[in-house]
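If you use mature numbering (1 follows the signal peptide of the UniProt record, and there is no 0), the sequence shown corresponds to residues -21 to -1, 1 to 529, in order.
A virtual CB, placed ideally from N, CA and C, is assigned to each residue, including glycine.
Here the structure is a predicted model, which is why all the values come from computation and not from measurement.
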Amino acid sequence: MGFLKALLAAVYAFHPYFSHAETAPNYSFIHESTTAPPVSYHDYIVVGGGAAGCPSAATLSETANVLVLERGGSPYHNPGKTDKGNFLITLSDPSPDSYAQIFITEDGVYNHRACVLGGGTVINAGFYSRAETEFVKESGLDEALVKDAYQWVENKVVFKAPLLQWQTAVRDGLLEAGVLPYNGFTNEHINGTKIGSTIFDMNDHRHSAADLLEYADPKNIIVYLHATVTKILFTTQTVGSRPRAIGVIYEDALGEKHTAYLTNDSKSEIIVSAGAIGSSQLLMLSGIGPRSQLEPLGIKLVMDQPMVGQGMADNTLNGLFIPSPNPVEVSLLSTVGISLFVNYIEAGSGLNLAPSFGWISKFLLSILDQTAIGSFFDTRLNGGIILQKVARPLSTGHLELRSTDPNETPKVRFNYFQEPEDLRNCVQGMKTIINVVNSKAFSKFRYRTISTQQLLNVVAALPLNQRPRHFDTASSLEQFCNDTVMTFWHHHGGCQVGKVVDEDYKVIGVDGLRVIDASTFSFTPGTNPQATVMMLGRAMGVRIQKNRLS
């Protein structure tokens, strides 16, 4: 894979078609929004420079003028901040310029929204896995286009995940636990245990969707940072005709308003790629959503669309923390166990920790009643975590606006484990984790004096969310799943295909407006969705481009 990347780099450097390319982080087209003119005109306006927005914008810039509006800052100002070992530090950063904006769901679960160019690919655990065949067929995308789009992404930001001692022990433990067959290294989403890819390179540096802007034509694209879109503008030519998106209003970091309009071209479009929460929120703030929500807030109704913000889902995360008697490597999600496509088992180890985690060490030692094991939480994780994700939650919820302020995260309720099948799948996943921890293959990383029941007790005692605990939290796996549930950060829904957008990702009933991101999904594709969200941005960029040139 390294040779292929070097070869492609040489091609991009000397081939005339790619001679315009710029390399991250030295982009000439990224600017603070405070430098933006009061009014500008563009063939395409992309709202959200995340996993879908960056590849679609880069693609469209090959033949058209593109504006990208990103509400966060640049991931390149402090590149070490997003290295593999700093995953937890970055995620828990409470500062105003944090890449991760924390919020609490109405279910009492801590959650995060990305607020940075590159979106979730800047703050996630990095695992890269393509979607299952079923998803591609349901998406309506051409299979050859999908394959080419995945490869386009992989040539720039994807690397084979390393397999060191901790990840090897998890792999072998999964096989002992019956998560079969062993599929070796593959990017495909297939049942059994496998080694996947990652967006961290061999030096543990992250490569996000922002790096895909290297494909952009710098003459045809401009990216404004700290640009918060407050509203999409529409026009209706005649009474009763379909509304058409014509531009957006956005605020810069100083609160000054700017207006970006589409050029007077029937094929110009606004592409909303603000994520599962942000895209639904923006449509509502712009007047497309449930009348019952918008009118009480004084939002002028453009189209009564009751399905905006509905079908919101989030894959659940439950797992165990395992202190290790032996040193562990820094690792994130190299091995995955795919158990009949109902849950996925993944693991990490040796991650760096913020000083604010220090109190947890003494707390854990008191829970475990162990003084000889040393500190599990110090400046880094002296052990690891094994997690399970419910693959396709049937439980869904909804999103509601709190106010007309675009900076305020809406009320989000995912209704975790509302459907009994989701809870059964979580219990099955926890049983698999316990079998992995108890396996011979994993024994090197286990203190013999600490039982899996004690490990369950630890998780039950930690303030991982704001949900109530019960007397049987640690003794009943059903109650354990409910009480200790966390997010896997794989939010989806709210603008689903067939309900809010059509198969071309055009907002139904409106011209000149598409939504391209995970808000359109009815389930998350692959083990982790980032590969498919980036692929979708590229594939739809190609499709839109062809339509423009036809």
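Asked: Which residues bound the beta strand (DSSP E) around G27?; Found: Taken as a continuous stretch (DSSP letters only), G27 belongs to no beta strand (DSSP E), as it is neither H nor E.
Asked: Mind the definition here: the segment 460 to 477 touches the segment 500 to 511 only if three or more C-beta pairs lie below 8 Å; say whether that holds.; Found: yes
Asked: Opposite D283 in the DSSP bridges: which residues?; Found: G268
Asked: Helix, strand or coil for Y229? Go by DSSP, reduced to three states.; Found: strand
Asked: Looking at C-alpha atoms only, which residue of V281, G98, D127, H377 is the closest neighbour of V489?; Found: V281
Asked: Straight-line CA distance for N331 to Q80?; Found: 20 Å
Asked: Let me check understanding here. Comparing Cα to Cα, which of L299, F66, V25 lies closest to A440?; Found: L299
Asked: For S176 versus N166, is the C-beta spacing smaller than 7 Å?; Found: yes
Asked: Give me whichever residues DSSP pairs with L142 in a beta bridge.; Found: None, per the DSSP bridge assignment.
Asked: Counting along the chain, where does the alpha helix (DSSP H) carrying E457 start and finish?; Found: 456 to 462
Asked: Name the two residues that bound the continuous beta strand (DSSP E) containing N297.; Found: 295 to 302
Asked: What are the start and end residues of the beta strand (DSSP E) that includes N417?; Found: From DSSP, N417 is part of no beta strand (DSSP E); its letter is neither H nor E.
Asked: Report the partner residues of S176 according to the DSSP bridge assignment.; Found: Y107, K139
Asked: Who are the Cβ neighbours of Y20 in its own chain at under 6 Å, not counting the five residues just before and after it?; Found: Y240, T242
Asked: CB-CB under 6 Å to A15, same chain, minus the five flanking residues each way: which ones, in chain order?; Found: Y203, H237
Asked: Quick one: Cα of Q272 to Cα of L402, how far?; Found: 31 Å
Asked: From V137 to L191, what distance separates their C-alpha atoms?; Found: 11 Å
Asked: Take A110 as the anchor and find which of T358, R371, K419 has the nearest alpha-carbon.; Found: R371
Asked: Whole-angstrom Cβ separation of N461 and K368, contact assumed at under 8 Å?; Found: With a Cβ gap of about 16 Å, N461 and K368 do not count as contacting.
Asked: Spatial neighbours of F502 within its chain, please: CB distance less than 6 Å, with the 5 preceding and 5 following residues excluded, ordered by chain position.; Found: R371
Asked: Compare the Cα-Cα distances from R493 to each of I9, I24, P4, D244 and report the closest residue.; Found: I24
Asked: Buried or exposed: P442, going by 16 or more other Cβ atoms within 10 Å of its Cβ?; Found: exposed
Asked: Quick check on DSSP: helix, strand or coil for L39?; Found: helix
Asked: When burial is assigned at 16 or more other CB atoms within 10 Å of the CB, is E122 buried or exposed?; Found: exposed
Asked: I'd like the list of long-range same chain contacts for I83, defined as Cβ closer than 8 Å, with 5 residues on each side in sequence excluded.; Found: Y89, N90, Q445
Asked: Quick one: what does DSSP say Q80 is sitting in, helix, strand or coil?; Found: strand
Asked: In terms of DSSP beta bridges, what is G327 paired with?; Found: L311, I364
Asked: With DSSP collapsed to three states, give me the class of A224.; Found: strand
Asked: Considering only residues of the same chain and omitting the five flanking positions on each side of V125, which have a CB-CB separation below 7 Å?; Found: V115, M514, A518
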